[in-house]
Amino acid sequence: MKHFLSVGAKRLNPFSLQAIVACVFCVGWLVAFHSQAQSADPLKATGFLIAGDANRTRVVIDFNQKPEFSVRYLQDPNRTIVDIPSDVSFEFPAENAAAAGLYTLVRYGAMSAGHTRIVLTSDAPSSLEFSKVEADSSGSFRLVLEGVKTTEEKLSALVHADDWDGVHTTQAGRGGRLGGPATQESTNAFVIAVDAGHGGIDTGAISRDGKTIEKDITLAFAQELADEFNARPGFKAFLTRSDDVFLSLSERVRIARQNGANLMISLHADTLRQSFIRGATVYTISEKASDRLAAELAQRENVSDEIAGVVPDDTAAEASDILIDLTRRETQAFSERLAKMIVATFEGQIRLINNPHRHAGFHVLRAPDVPSLLIELGFLSNKEDEKLLTEESYRKQVSGLIVDATDHYKALIGQ
9 MKHFLSVGAK RLNPFSLQAI VACVFCVGWL VAFHSQAQSA DPLKATGFLI AGDANRTRVV
69 IDFNQKPEFS VRYLQDPNRT IVDIPSDVSF EFPAENAAAA GLYTLVRYGA MSAGHTRIVL
129 TSDAPSSLEF SKVEADSSGS FRLVLEGVKT TEEKLSALVH ADDWDGVHTT QAGRGGRLGG
189 PATQESTNAF VIAVDAGHGG IDTGAISRDG KTIEKDITLA FAQELADEFN ARPGFKAFLT
249 RSDDVFLSLS ERVRIARQNG ANLMISLHAD TLRQSFIRGA TVYTISEKAS DRLAAELAQR
309 ENVSDEIAGV VPDDTAAEAS DILIDLTRRE TQAFSERLAK MIVATFEGQI RLINNPHRHA
369 GFHVLRAPDV PSLLIELGFL SNKEDEKLLT EESYRKQVSG LIVDATDHYK ALIGQ
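Listed below in C-alpha cells is the structure:
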C-alpha cells in the first residue's frame, strides 16, 4: 500500500500533511505571541488636545492601546480626577497640556507603580458630561473627556456618591535605602530621611525654558546626599522616594517616622517671579512666616497634595496633647540649631540668599518628634542657579557640606 493521500489532482505524503499542520500551529502561536507582546507594551499617551470655553471644554488624549480608567471628583478646589490603573509614558510636549477653557490647571503623572492620574482643576464647579474611549482606524485609541460647568450642589453630590477622599495607598519607605536586617551598627546609627521634593504627577517648579524640572533636580540631589551620608561612619540615610512617583506631604512625614529617622531633610528648587534672586535657603517650621518670600514658598509647596488630587492629612498639625507640644518645641529647637550650622557651613562655599535661615509653615516639616529642615537648593528661575543645579560636581559639593554640618550637629547633641 502506497502512503499517499489524494487532494484534488495532487497527491501528498502524509508526513507533508503533518508538516503543514505543524506550520499552521506555529503561525497561530506566533500570531498569539505577537498579540500578547503588543498588549504587554507600555501604555503610551502620544497626544493631548484641550479646547473650549468657560462653560464647556473637551480634553482628548491619544493612546497606543486602549486605557482602562475611572473618574472621581473633589472640591475645594474643584477637581476632576481620572485614574488609570497602569503605568503611562507621556510622550507629547508638555505645552500641549496647558490649561484652557474650564480648566485652570492640568496635571498628569505617576501616583505610584501601576497607578497614573490626570487631574483637571477648575475655578467653577465642573463635571464630565461624558468620558469614553474611542478607537480609530490606525489602531490607536482616544480618551475623550467632555467637561461642563455645573452647580456646587451637583458637584457635591458626585463627590459624596463615591465616598472617596482622594487618599491612595503607598508603601512606607519605598525608597529602599534603609532595607535589610538591622545590625548593631545600623541600630546605633544616626538615621536620616532624605526627601526629594515633588515627584510623579507633581512636577514642582519648571525652569523658564521648560527644560529643567524640580522633581528631577531634587531626586538627583537626594540620591547624592543619601550616598554621602551612607559613606560617613555613624550615619544611615534612606530616601522617601527613589523614583518618579508621587508622595503626599503626610506620607513623607510618616515614612520618616516609621523608619526611625533622627532627622528629615527635604530638598527643593523653586522658581520666583524675580529672576535675579539666586542662592540656597534653609527653612525650619513656624506657624508665622519670617517674611513674605518664605510665606509664598510655603503656600506653593503646601498645595502639592491638592495638585495631585489628594486630600491633605492635617492630623499631625491638630494634635494638642501637652507632651506632644513639649516634644514639638524641643524638636523645633534642634531643627533651628542644625539649620544655623548648615548655613554657617555653606557660607563662603556656595551662594546663599540674603537672610538664608528662614521659617514658614511647611506641612512637610510638621513631624512633632523628628527635627526637620527644608533646603531650597537654588531657584530654577535664575539661569546661573539652574546651570549649577544640573551639575554633578555641584550636587556632590552641596551634599558634602550638608553632611559635614550634620556630623558637627550630631557630635554636639552627643549622638
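Using this note's numbering, the first residue of the sequence shown is number 9, and each one after it goes up by one.
By construction, the Cβ of each residue, glycine as well, lies at the ideal position given by its N, Cα and C atoms.
Buried or exposed by the 16-neighbour rule on C-beta atoms within 10 Å, applied to residue i
i: Gly122; result: exposed
i: Asp210; result: buried
i: Asp467; result: As displayed, the chain neither begins before 9 nor continues past 423, which places residue 467 out of reach and without an answer.
i: Ile421; result: exposed
i: Gly147; result: exposed
i: Asn196; result: exposed
i: His168; result: exposed
i: Arg87; result: buried
i: Thr178; result: Because the pLDDT at Thr178 is just 40, under 50, the model does not fix this residue reliably, and the value given afterwards should be weighed accordingly. Looking at its Cβ environment, which holds 16 or more other Cβ atoms inside 10 Å, Thr178 is buried.
i: Thr339; result: buried
i: Ala165; result: exposed
i: Pro241; result: exposed
i: Lys223; result: buried
i: Ala306; result: buried
i: Lys18; result: Any reading at Lys18 must be qualified, since the residue scores a pLDDT of 41, below 50, and its modelled position is unreliable; the value itself is stated next. Exposed, since its Cβ has fewer than 16 Cβ neighbours within 10 Å.
i: Asn363; result: exposed
i: Glu259; result: buried
i: Phe354; result: buried
i: Ser215; result: buried
i: Ala106; result: exposed
i: Glu392; result: exposed
i: Thr124; result: buried
i: Arg249; result: buried
i: Glu400; result: exposed
6 Å CB neighbourhood of residue i in its chain, flanking five on each side removed
i: Lys52; result: Asn72, Ser97 and Glu99
i: Thr220; result: Leu388 and Glu394
i: Phe254; result: Met119, Gly207, Gly208, Ile209, Asp210 and Ala316
i: Ile225; result: Ala277 and Leu397
i: Leu57; result: Val68
i: Lys157; result: Asn63, Ala132 and Ser134
i: Pro50; result: Ser97
i: Gly268; result: Val199
i: Gly155; result: Thr65, Leu110, Ser134 and Leu136
i: Gly181; result: Reliability of the predicted coordinates at Gly181 is poor, the pLDDT of 39 falling under 50, and the value obtained from them is presented with this limitation in mind. So the qualifying residues of the chain are Ile263 and Asn267.
Expected contact under 8 Å - CB spacing of residue i and residue j to nearest Å
i: Pro376; j: Phe342; result: Between Phe342 and Pro376 the Cβ distance is about 12 Å, and since that is not below 8 Å, they are no contact.
i: Ser94; j: Glu232; result: Contact flag wrong, Cβ pair sits at about 31 Å.
i: Ala277; j: Leu397; result: 6 Å
i: Val114; j: Gly317; result: So it is not a contact: roughly 12 Å between Cβ atoms.
i: His367; j: Tyr417; result: Contact doesn't hold; Cβ gap of about 18 Å is too wide.
i: Glu309; j: Phe229; result: Not quite, the Cβ-Cβ distance comes to about 16 Å (not below 8 Å), so this is no contact.
i: Val384; j: Thr289; result: At residue 384 the sequence reads Glu, which differs from the Val that was named. 4 Å between Cβ atoms; contact.
i: Leu382; j: Ser274; result: 5 Å
i: Leu257; j: Val351; result: Not really, about 24 Å apart at Cβ, beyond 8 Å.
i: Leu346; j: Gly287; result: So it is not a contact: roughly 19 Å between Cβ atoms.
i: Tyr81; j: Leu163; result: 6 Å
Neighbourhood of residue i by C-beta distance below 7 Å, restricted to the same chain and skipping five residues each side
i: Phe77; result: Val90, Asp91, Ile92 and Leu151
i: Arg403; result: Ala228, Phe229 and Glu232
i: Ala419; result: none
i: Ser130; result: Asn86, Leu110, Tyr111 and Thr112
i: Met272; result: Ala201, Asp203, Ala264, Ala375, Val378 and Ser380
i: His365; result: Val290, Ala347, Lys348 and Val351
i: Asp170; result: Arg80
i: Ala213; result: Glu222, Ala277, Asp278, Thr279 and Leu388
i: Glu344; result: Thr292
i: Gly386; result: Ala277, Arg286, Gly287, Ala288, Asp393, Leu396 and Leu397
Own chain partners of residue i with C-beta closer than 8 Å, once the 5 adjacent residues on each side are dropped
i: Thr54; result: Asp70, Phe71, Asn72, Glu99, Phe100 and Ser148
i: Gln357; result: Gln405 and Leu409
i: Lys74; result: Val141, Ala143 and Phe149
i: Phe41; result: Interpretation of Phe41 is limited by its pLDDT of 42, a score under 50 that renders its predicted location unreliable; the figure taken from the coordinates is listed afterwards. Around Phe41: no qualifying Cβ.
i: Gln423; result: Phe198 and Asn270
i: Glu103; result: Gly218
i: Thr335; result: Pro376 and Asp377
i: Glu295; result: Gly369
i: Gln44; result: Per-residue confidence for Gln44 stands at a pLDDT of 42, beneath the threshold of 50, marking its modelled position as unreliable; the derived number appears in the next sentence. Nothing meets the Cβ criterion.
At least 3 beta-carbon pairs within less than 8 Å: the stretch 110-128 vs the stretch 208-222: yes
At least 3 beta-carbon pairs within less than 8 Å: the stretch 223-242 vs the stretch 281-298: no
Contact the stretch 263-275 vs the stretch 127-146: 3+ CB pairs below 8 Å: no
At least three beta-carbon pairs within less than 8 Å, the stretch 398-416 to the stretch 291-300: no
Inter-stretch contact at 8 Å, needing at least 3 Cβ pairs: the stretch 101-113 / the stretch 51-65: yes
Ranges of the beta strand (DSSP E) found wholly within the stretch 100-168, counting only runs of at least 3: 111-120, 123-130, 134-143 and 149-157
Ordered list of beta strand (DSSP E) runs contained in the stretch 352-383, each at least 3 residues: 360-368
Segments assigned alpha helix (DSSP H), at least 4 residues, entirely inside the stretch 263-325: 300-309 and 312-315
Those runs of the beta strand (DSSP E) which lie wholly inside the stretch 198-258 and span at least 3 residues: 198-204 and 243-247
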